[in-house]
Amino acid sequence: MIIGVLSAYFITFYDFPFRKFFKWVLVLPMAIPPYIGAYTYNGLLSYTGIIQTTLRNRFGILVNQKYFNIMSLKGAIFILTLFLFPYVYLITKSFLEKQSATLVESAKLLGKSNIEIFFKVIIPISRVAIVSGATLVALEVLSDYGVVAYFGVQTFTTAIFKTWFSLGDVESSVRIAAILMVGVVFVILFEKFFRGRKKYSYSSTKIRPVVRKRLKGIKKNLVIMFFTIIFLFSFLIPTLQLMYFAFLTYKRVLNMSFIVMTLNSLALSILAAIIITIISLIIGNYCRINESNLSKIISKITMIGYSIPAAVIAISVILLFVNIDRKLKWFYLIINPNSKTLVLSTSIFMLLFAYIIRFIGVSYQAIEAGYEKMGKSFFEASRLLGQNTIKTFLKIDIPMLKPAIISSLVLVFIDIIKELPLTLLLRPFNFNTLATRTFDYAADEMLQEAAVPAIIIILISIVAISFINRFDKE
Numbered sequence: 001m002i003i004g005v006l007s008a009y010f011i012t013f014y015d016f017p018f019r020k021f022f023k024w025v026l027v028l029p030m031a032i033p034p035y036i037g038a039y040t041y042n043g044l045l046s047y048t049g050i051i052q053t054t055l056r057n058r059f060g061i062l063v064n065q066k067y068f069n070i071m072s073l074k075g076a077i078f079i080l081t082l083f084l085f086p087y088v089y090l091i092t093k094s095f096l097e098k099q100s101a102t103l104v105e106s107a108k109l110l111g112k113s114n115i116e117i118f119f120k121v122i123i124p125i126s127r128v129a130i131v132s133g134a135t136l137v138a139l140e141v142l143s144d145y146g147v148v149a150y151f152g153v154q155t156f157t158t159a160i161f162k163t164w165f166s167l168g169d170v171e172s173s174v175r176i177a178a179i180l181m182v183g184v185v186f187v188i189l190f191e192k193f194f195r196g197r198k199k200y201s202y203s204s205t206k207i208r209p210v211v212r213k214r215l216k217g218i219k220k221n222l223v224i225m226f227f228t229i230i231f232l233f234s235f236l237i238p239t240l241q242l243m244y245f246a247f248l249t250y251k252r253v254l255n256m257s258f259i260v261m262t263l264n265s266l267a268l269s270i271l272a273a274i275i276i277t278i279i280s281l282i283i284g285n286y287c288r289i290n291e292s293n294l295s296k297i298i299s300k301i302t303m304i305g306y307s308i309p310a311a312v313i314a315i316s317v318i319l320l321f322v323n324i325d326r327k328l329k330w331f332y333l334i335i336n337p338n339s340k341t342l343v344l345s346t347s348i349f350m351l352l353f354a355y356i357i358r359f360i361g362v363s364y365q366a367i368e369a370g371y372e373k374m375g376k377s378f379f380e381a382s383r384l385l386g387q388n389t390i391k392t393f394l395k396i397d398i399p400m401l402k403p404a405i406i407s408s409l410v411l412v413f414i415d416i417i418k419e420l421p422l423t424l425l426l427r428p429f430n431f432n433t434l435a436t437r438t439f440d441y442a443a444d445e446m447l448q449e450a451a452v453p454a455i456i457i458i459l460i461s462i463v464a465i466s467f468i469n470r471f472d473k474e
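Under the UniProt record's numbering, the first residue of the sequence shown is numbered 1, with each subsequent residue one higher.
So this is what it looks like as structure tokens:
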């Protein structure tokens with residue numbers, strides 16, 4: 001949270017060399033799933049890693065292993081901090097960029113220093129944005145499996161996987177999932193409490209944008225150093241390490257099965273993104289036309305899935321689909337007397353259904369923002385001209401919602417291409433994705449081989465993020 005808030009503050013209120021560069025690259029850690037960051041840093045800092053090898057072979061220095069052991073709770077905190085801070089950075093920056101310059105100017109006229117302005121003006125007005133970003137990070141941490149499983153850190157998520165797969169104890173898994181949901185509810189209530197009921201507004205409709213102050217001397221150097229360190233540790237170093245590993249092993253890893261797996265990942269992510277976006281469009285259109293309590297409830301329900309840990313969603317979906325299969329057993333036997341009992345619960349449809357629950361909120365937020373920006377005037381004009389709701393939706397709404405639709409598709413695509421816990425639990429037999437193959441390699445201590453699918457995930461995510469940034473500018 002501290003890294004995200006400070007980054008947003010410096011980027012918004014100050015001007016310094018490479019500011020535009022840092023503004024963009026601070027988003028790039030989102031392209032690296034935390035579990036890939038964990039594998040990379042362990043490979044970098046391990047006994048056979050480049051750092052210790054260089055110290056031994058070049059300088060004859062033997063180091064104490066405890067100083068380089070990242071496989072611990074502290075290491076997990078370090079990794080999750082590095083690759084999740086952009087959530088706080090993006091939300092806080094977006095909020096601060098919309099604030100009026102009069103806030104800072106008034107504080108300066110009252111003789112307040114920059115530090116006092118930061119703590120007494122910037123932090124209070126940004127509380128809602130900061131808490132929202134921190135809540136997203138907390139929910140991501142609660143849902144994480146890849147980092148904590150690899151580092152051997154015991155959490156509720158790892159306990160769910162262990163009791164389900166290793167012990168075969170479904171009831172205990174459900175109980176642990178229920179306890180985890182209590183933690184999720186606590187986080188959400190915590191957010192609402194700290195957000196409070198305070199709202200900030202301006203007496204004038206004319207809001208002057210913030211005028212950035214140019215930094216000079218040691219302050220400029222310190223800020224550049226701050227951003228350089230963040231960029232190095234959160235993106236450049238792990239990416240270069242992965243590229244080095246991939247260069248060593250790509251000939252062994254790249255084969256026809258790997259190509260099929262990559263196509264599986266792309267096809268699954270694209271298909272799920274399209275389905276989820278279509279559902280979001282339908283829900284958004286319904287909620288816009290029917291402004292009732294029911295539409296408000298539906299709108300809020302769409303946001304629940306992202307707050308529920310992936311392991312909890314997976315267990316719920318498995319139990320649901322197994323129960324459906326049992327109910328439909330008679331139907332399966334009519335179609336095919338030799339049909340197996342479990343059909344839907346061993347198919348890709350179960351995984352797609354889980355993706356819809358998990359990521360519908362991401363898509364719906366983008367679509368809802370598009371509808372709010374568009375307003376209802378065009379819809380009402382079309383209806384007055386005699387067009388029905390469906391024609392209006394297809395000929396008026398869809399073209400005007402193009403930016404929101406593209407944002408929805410890309411954001412959901414990025415989330416699914418990186419998704420690990422849901423895919424591990426719900427994938428059909430012998431169905432692999434880039435994320436699951438990366439995890440399997442790392443679990444077998446084949447970190448160099450894991451770099452190949454990992455670097456492809458990162459490259460795909462970077463291209464998608466760049467596409468959104470370029471599209472927003474246009």
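Each residue gets a CB set at the ideal place from its N, CA and C atoms; glycine is no exception.
- Here the C-alpha atom of Lys296 lies approximately 13 Å from the C-alpha atom of Tyr364.
- Straight-line measurement puts the Cα of Phe226 at about 14 Å from the Cα of Phe235.
- For the 7 Å CB-CB criterion, Tyr39 and Leu385 do not form a contact.
- Between Ile11 and Phe21 the beta-carbon gap is near 11 Å, outside 8 Å, which marks them as no contact.
- Burial check for Gly60: the Cβ neighbour count within 10 Å stays below 16, so the residue is exposed.
- Just measuring C-alpha positions, the residue of Ile308, Ser173 and Ser280 sitting nearest Ile298 is Ser280.
- In the structure shown, Lys340 adopts coil according to DSSP, grouped into three states.
- Under the 8 Å Cβ criterion, the stretch 386 to 401 does not count as touching the stretch 444 to 462, having fewer than three qualifying pairs.
- Under the Cβ criterion (8 Å, minimum of three pairs), the stretch 119 to 132 counts as touching the stretch 81 to 93.
- In this structure, Leu45 places its C-beta atom within 7 Å of the C-beta atom of Phe68.
- For Pro428, there is no enclosing alpha helix (DSSP H), as DSSP marks it with neither H nor E.
- Two segments are said to touch when three or more pairs of C-beta atoms, one from each, lie closer than 8 Å; by this definition the stretch 47 to 63 does not touch the stretch 22 to 32.
- Sequence-distant Cβ neighbours of Val343 in its own chain, meaning closer than 7 Å and more than five residues away, are Asp325 and Tyr332.
- For Val312, the enclosing alpha helix (DSSP H) has its first and last residue at Ala310 to Lys327.
- Excluding its 5 nearest sequence neighbours in each direction, Leu242 has C-beta neighbours in its own chain below 8 Å: Ile36, Thr40, Ala451, Ala454, Ile455 and Ile458, listed in chain order.
- Here Tyr87 is buried, its C-beta having at least 16 other C-beta atoms within 10 Å.
- Assignment of Arg214 by DSSP, reduced to helix, strand and coil, places it in the strand class.
- Under the DSSP assignment, Ile274 falls in the alpha helix (DSSP H) whose first and last residues are Met256 to Ile289.
- With distances taken between CA atoms, Ile218 lies nearest to Pro17 out of Pro17, Glu105, Ser461 and Thr249.
- Take the alpha-carbon of Thr302 and the one of Ile276: they are about 11 Å apart.
- By the neighbour-count criterion, in which a residue is buried when 16 or more other Cβ atoms sit within 10 angstroms of its Cβ, Met350 is buried.
- Relative to Ile348, the option among Lys300, Ala178, Val317 and Leu328 whose CA is nearest is Val317.
- Judged by their CB atoms, Glu368 and Gly284 are nearer to each other than the 7 Å cut-off.
- Bounds of the alpha helix (DSSP H) holding Val410 are Lys402 to Lys418.
- Look at Asp169 here: in three-state DSSP terms it is coil, with no helix or strand label.
- Distance from the CA atom of Ile230 to the CA atom of Leu82, rounded to whole angstroms, is 8 Å.
- The shortest CA-to-CA distance from Pro428 to any of Ser166, Ala310, Lys66 and Leu352 is the one to Leu352.
- Asp444 carries a coil assignment under DSSP once its states are collapsed to helix, strand and coil.
- When secondary structure is reduced to three states using DSSP, Asp397 falls in the helix class.
- Put simply, the backbone Cα of Phe95 is about 7 Å away from that of Ser126.
- The stretch 248 to 264 makes contact with the stretch 421 to 438, as at least three CB pairs between them are under 8 Å.
- Lys93: member of the alpha helix (DSSP H) spanning Leu73 to Leu96, first to last residue.
- Going by C-alpha positions, Ile179 is about 13 Å away from Val187.
- Between Ile308 and Arg358, the alpha-carbon positions lie close to 8 Å from each other.
- DSSP places Tyr14 within a strand segment (E or B) once states are collapsed to three.
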